[in-house]
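Notes follow the structure.
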Amino acid sequence: MYRLKCPIFSLSMLMFAGPVMAQYMDGINDQVLSRVASKYGTDARTRVADWKKLMDNNADPQNAVSENQKLKSSNGFFNKIRWVSDQKHWGREDYWATPIEMLGTNGGDCEDYSIAKYFTLKDTDVSTSKLRITYVKAIEYNQAHMVLAYYKTPDAEPLIMDNINLRILPASQRTDLLPVYSFNGENLWLAKARGKKLKASSQRSLPQWRKLNEKLLAEVM
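Sequential numbering from 1110 applies to the sequence shown in my numbering.
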């Protein structure tokens, strides 16, 4: 049975990523790739280098890559990574991996897929106002899960990027998912409040998110 279990988050403790990722993406250079190869192996170096190429290609204005194409390439790229539970992968529950850790180890679970896709799209000039990392309940499995939602316009029906159903589908076609709340780098929304934006202090943090940001910086120092 394919396990979907992901962490249940505390709304009052959420910290949103800011300029950290801009530094992270710009810092993926030959030195970083050499460290990846030393730590994870040459195949891992290739995966991270391919990720960087994908982002550079999609961000280049001369290539005129549409947002729909960016969604498909990001979703397809990370969905090739094998799913593995945090307990099996890291020896602990609820571990949030950086994209480099995910690519380096060639494994991750639902929050890792969603976070990696989010920052890939963010770095290829898709506005974070269109992106929401979304905590849902997977009804069939009766378990917590996480997906990435894309809103073409603020009032548009979102498209869902998932590591279980590999097709990018409108939310209305994902009746197997029950949204609970969503967030991006700036804001937090509660599904039951019909998309009402909630107040959250950027100074308060979910421990996993704070550690993720620290790891992101350390990887490109």
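Ideal placement from N, C-alpha and C gives every residue a C-beta, glycine not left out.
Nothing here was measured: the structure is a model prediction, and the numbers come from that model.
Which residues in the same chain have their Cβ closer than 8 Å to the Cβ of residue i, if we skip the five residues on either side of it in sequence?
| i | result |
| --- | --- |
| N1215 | D1152, A1153, R1156, I1190 and R1191 |
| N1166 | N1172 and V1174 |
| V1193 | G1216, G1217 and D1218 |
| D1195 | R1201, E1202, D1203, Y1204 and D1218 |
| F1186 | D1159, W1160, L1163 and T1229 |
Is residue i helix, strand or coil by DSSP?
| i | result |
| --- | --- |
| S1182 | helix |
| T1155 | helix |
| R1276 | coil |
| I1224 | helix |
| M1330 | coil |
| K1308 | Confidence at K1308 is low in this model, with a pLDDT of 49, below 50, so the placement of that residue is unreliable and no value is reported for it. |
| S1236 | coil |
Quick one: what's got a C-beta closer than 7 Å to residue i's C-beta in the same chain, skipping five residues either side?
| i | result |
| --- | --- |
| T1207 | L1321, K1324, L1325 and E1328 |
| D1271 | V1256 |
| E1176 | V1235 |
| K1181 | I1277 |
For the alpha helix (DSSP H) that contains residue i, what are its first and last residues?
| i | result |
| --- | --- |
| I1214 | Looking at the sequence itself, residue 1214 is Thr, so the reference to Ile does not match. Element bounds for T1214: P1208 to T1214. |
| I1137 | No alpha helix (DSSP H) holds I1137; DSSP gives it neither H nor E. |
| G1205 | Sequence check: residue 1205 is Trp here, not Gly. Per DSSP, W1205 belongs to no alpha helix (DSSP H) and is neither H nor E. |
| Q1189 | For the record, residue 1189 in the displayed sequence is Lys; it is not Gln. Where K1189 is concerned, there is no enclosing alpha helix (DSSP H), given that its DSSP letter is neither H nor E. |
| Q1196 | D1195 to W1199 |
Compute the Euclidean distance between the alpha carbons of residue i and residue j, then round it to the nearest angstrom.
| i | j | result |
| --- | --- | --- |
| L1230 | K1179 | 7 Å |
| D1135 | D1234 | 13 Å |
| W1298 | V1289 | 9 Å |
| S1223 | I1242 | 6 Å |
| Q1282 | Q1140 | 44 Å |
| I1137 | K1162 | 11 Å |
| R1144 | L1212 | 13 Å |
| S1183 | K1226 | 6 Å |
| T1284 | S1238 | 24 Å |
| V1245 | P1263 | 20 Å |
| Y1149 | D1232 | 24 Å |
| D1221 | K1261 | 23 Å |
| Q1317 | P1170 | 35 Å |
| A1247 | F1292 | 18 Å |
| H1198 | N1274 | 22 Å |
| P1267 | L1286 | 13 Å |
| R1319 | N1188 | 25 Å |
| L1240 | P1279 | 14 Å |
| A1258 | A1265 | 11 Å |
How far does the beta strand (DSSP E) with residue i in it extend, from its first residue to its last?
| i | result |
| --- | --- |
| K1246 | L1240 to A1247 |
| Q1252 | Q1252 to Y1259 |
| P1170 | No beta strand (DSSP E) holds P1170; DSSP gives it neither H nor E. |
| P1288 | L1286 to F1292 |
Once the 5 residues before and after residue i are set aside, which same chain residues still bring their CB inside 6 Å of it?
| i | result |
| --- | --- |
| A1146 | R1154 |
| K1308 | With a pLDDT of 49 at K1308, under the threshold of 50, the predicted position of this residue should be treated as unreliable, though the coordinate-derived value follows. Within the same chain, K1308 has no close Cβ partners at all. |
| S1121 | Here the model assigns S1121 a pLDDT of 42, short of 50, so the residue's position is not dependable, and the following value carries that caveat. For S1121, where only same-chain residues beyond five positions count, there are no Cβ hits under 6 Å. |
Comparing the C-beta of residue i with each C-beta of chain D, is any distance below 7 Å?
| i | result |
| --- | --- |
| D1195 | Of the chains in the structure shown, none is chain D; there is only one protein chain. |
In the DSSP output, which residue or residues are listed as bridge partners for residue i?
| i | result |
| --- | --- |
| L1268 | Y1259 and P1279 |
| G1217 | W1192 |
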